[in-house]
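Just so you know, we're using the UniProt record's numbering here: the sequence shown kicks off at 1 and counts up by one. Ideal Cβ placement from N, Cα and C applies to all residues, glycine included. Heads up, the thing below is written out as structure tokens.
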Amino acid sequence: MEIFETILIFIAVVILSSFVHTFIPKVPLAFIQIFLGMLLFITPIPVQFNFDSELFMVTMIAPLLFVEGVNVSRVHLRKYIKPVMMMALGLVITTVIGVGLFIHWIWPDLPIGAAFAIAAILCPTDAVAVQAITKGKVLPKGAMTILEGESLLNDAAGIISFKIAVGVLVTGAFSLVDAVQLFLIASIGGAVVGLLIGMALVRFRLTLMRRGYENINMFTIIQLLTPFVTYLIAELFHASGIIAAVVAGLVHGFERDRIMQVRTQLQMSYNHTWNILGYVLNGFVFSILGFLVPEVIIKIIKTEPHNLIFLIGITIVVALAVYLFRFVWVYVLYPYFYLAISPFQKMMTKNDDDNPTTEKPPKRSLYALIMTLCGVHGTISLAIALTLPYFLAGHHAFTYRNDLLFIASGMVIISLVVAQVLLPLLTKPAPKTVIGNMSFKVARIYILEQVIDYLNQK
1 MEIFETILIF IAVVILSSFV HTFIPKVPLA FIQIFLGMLL FITPIPVQFN
51 FDSELFMVTM IAPLLFVEGV NVSRVHLRKY IKPVMMMALG LVITTVIGVG
101 LFIHWIWPDL PIGAAFAIAA ILCPTDAVAV QAITKGKVLP KGAMTILEGE
151 SLLNDAAGII SFKIAVGVLV TGAFSLVDAV QLFLIASIGG AVVGLLIGMA
201 LVRFRLTLMR RGYENINMFT IIQLLTPFVT YLIAELFHAS GIIAAVVAGL
251 VHGFERDRIM QVRTQLQMSY NHTWNILGYV LNGFVFSILG FLVPEVIIKI
301 IKTEPHNLIF LIGITIVVAL AVYLFRFVWV YVLYPYFYLA ISPFQKMMTK
351 NDDDNPTTEK PPKRSLYALI MTLCGVHGTI SLAIALTLPY FLAGHHAFTY
401 RNDLLFIASG MVIISLVVAQ VLLPLLTKPA PKTVIGNMSF KVARIYILEQ
451 VIDYLNQK
């Protein structure tokens, strides 16, 4: 009953944040939710915040990643698959190892497993937050597609790395061979389970549609249950439930593309349902962050007051290390990230007014800096941090849990604030549309985009 009451309280905070956001739309919604979460902490309202880590994974993270998988553009993802994989796998592995070893070097008392765990927590990025921050601005060509693909896939890679690190932390034993084997089994097994379940459910729904059975409520409920069922089945086979949820989301995205033109009512039902659920889950996690920060700080002051300044310094240094790894990675691999217009494309669009070919590539350093600042950490990082264990092997209390929560929360806030301040300064404002000079093709696209934006706002 206490957990149910706590959930209702945080949902009320999410609703209140929406109301406040209507009066101050220039302030990112995440900031408002964090602030209201802090206010909730100082109120006398009793909030019991003790969630089971596995329950948190299946109820919060799985549906969030499923939604990202459904909504990501598969056409653009295929086009930029190489830089996406470089960011989602290469950068994650490099960050976990490099930043983890760096944290252990500057903080030798921290167990190596805990150092790798906090590095893994700081791998997932939040493309939704970046979209909100850069609204009305223009990012380099293809940057948002890469960020969306990275956000989708690095969440899963980061979570698997986190689970391996927590296993090392709890047991105190580490084997490189076992870690690689676990990573491969979890990722490949999760992808297979997600693909099979996703295809089976999509085939089931499409078969019913072809036979004239179109119960929108039933179809919507089936899709709502998909990430939870997929996660649980994958975990039964010791595969990654998170990757299974992501792959199932991608498969359902193909179904969405197929029914978009002929099943408008069903598509709108899907969109509304997932928009509401995703909105509540994201707001829930950011509100928890606001509630968590003062609680963790007070616990640290009570138990280890001398460590507060040290933890603030560690958080800043770790943030700089994460930014540095990301900047160097993008800077070195810049040719793979920025795909300039090919000579063939220029020839095909030379006389097409709707497809201008004059394009000035951004400077290498500027592009790397923008992509670095776009590595905003959000709901997934927080959700993973909240699953840190309370006890280690032998029922010994994990004394560094609050410290790691403090670092994770601080990194999320730093990334949001830095992106909010610097990205608008580094990116150009979106060009104003000159309606009178539009061709018929451009005008048609413009009208459709305005209608879609209006419907989404409603």
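Here K137 carries a strand assignment [DSSP, helix/strand/coil]. Close CB contacts of P83 within its chain, under the 6 angstroms cut and outside five residues either way in sequence, are with I146, Y336 and F337 (chain order). Per DSSP, the continuous alpha helix (DSSP H) segment holding E2 begins and ends at E2 to F23. Sequence-distant Cβ neighbours of I112 in its own chain, meaning closer than 6 angstroms and more than five residues away, are H104. Under the DSSP assignment, S240 falls outside any alpha helix (DSSP H); it carries neither an H nor an E label. DSSP places Y367 in the uninterrupted alpha helix (DSSP H) bounded by R364 to L373. Counting every other CB atom within 10 Å of its CB across the protein chains shown gives Q223 a total of 16 or more, marking it as buried. Listed as beta-bridge partners of P429 by DSSP are K137. Here the alpha carbon of F327 sits roughly 45 angstroms from the alpha carbon of L206.
Here A114 carries a helix assignment [DSSP, helix/strand/coil]. A234 and G189 have their C-alpha atoms roughly 8 angstroms apart. N215 is classed as exposed because its beta carbon has fewer than 16 other beta carbons within 10 Å across all chains shown. In this structure, the alpha-carbon of V322 lies about 7 angstroms from that of T95. In the DSSP assignment, F391 is bridged to A397.
DSSP, reduced to helix, strand and coil, places K82 within a helical segment of the structure shown. Within its own chain, the residues whose Cβ lies closer than 8 angstroms to the Cβ of M38, once the five positions on either side in sequence are excluded, are G290, F291, V293 and P294, listed in chain order.
For the pair G249 and G198, the Cα-to-Cα distance works out to about 7 angstroms.
DSSP, reduced to helix, strand and coil, places T145 within a helical segment of the structure shown. The beta carbon of F406 sits closer than 6 angstroms to the beta carbons of V296 and L311 from its chain, once the five residues preceding and following it are set aside; these are given in chain order. Boundaries cannot be given for A173, as no alpha helix (DSSP H) includes it and DSSP labels it neither H nor E. The alpha-carbon separation between T387 and I61 amounts to approximately 11 angstroms.
The residues G249, H252 and G253, in chain order, have a CB closer than 6 angstroms to that of V70 in the same chain once the five nearest residues on each side in sequence are set aside. Between L55 and A117 the beta-carbon gap is near 19 angstroms, outside 8 angstroms, which marks them as no contact. In the three-state DSSP reduction, N215 falls in the coil class, being neither helix nor strand.
The C-beta of E5 has fewer than 16 other C-beta atoms within 10 Å across all chains shown, which makes the residue exposed. In terms of CA proximity to I7, F284 leads the group A408, M411, F284 and H396. Selection L324, T230, H272 and Y270 evaluated against M57 yields T230 as nearest (Cα-Cα). A132 and E2 have their alpha carbons spaced roughly 34 angstroms apart. The way I'd put it, the segment 239-246 doesn't touch the segment 26-38; fewer than three beta-carbon pairs between them come closer than 8 angstroms.
Around the C-beta of G313, fewer than 16 other C-beta atoms lie within 10 Å, and the residue is accordingly described as exposed.
A direct Cα-Cα distance of roughly 4 angstroms separates A397 from F391.
Around L91, the same chain offers W329 as residues with beta carbons nearer than 6 angstroms, after the five sequence neighbours per side are excluded.
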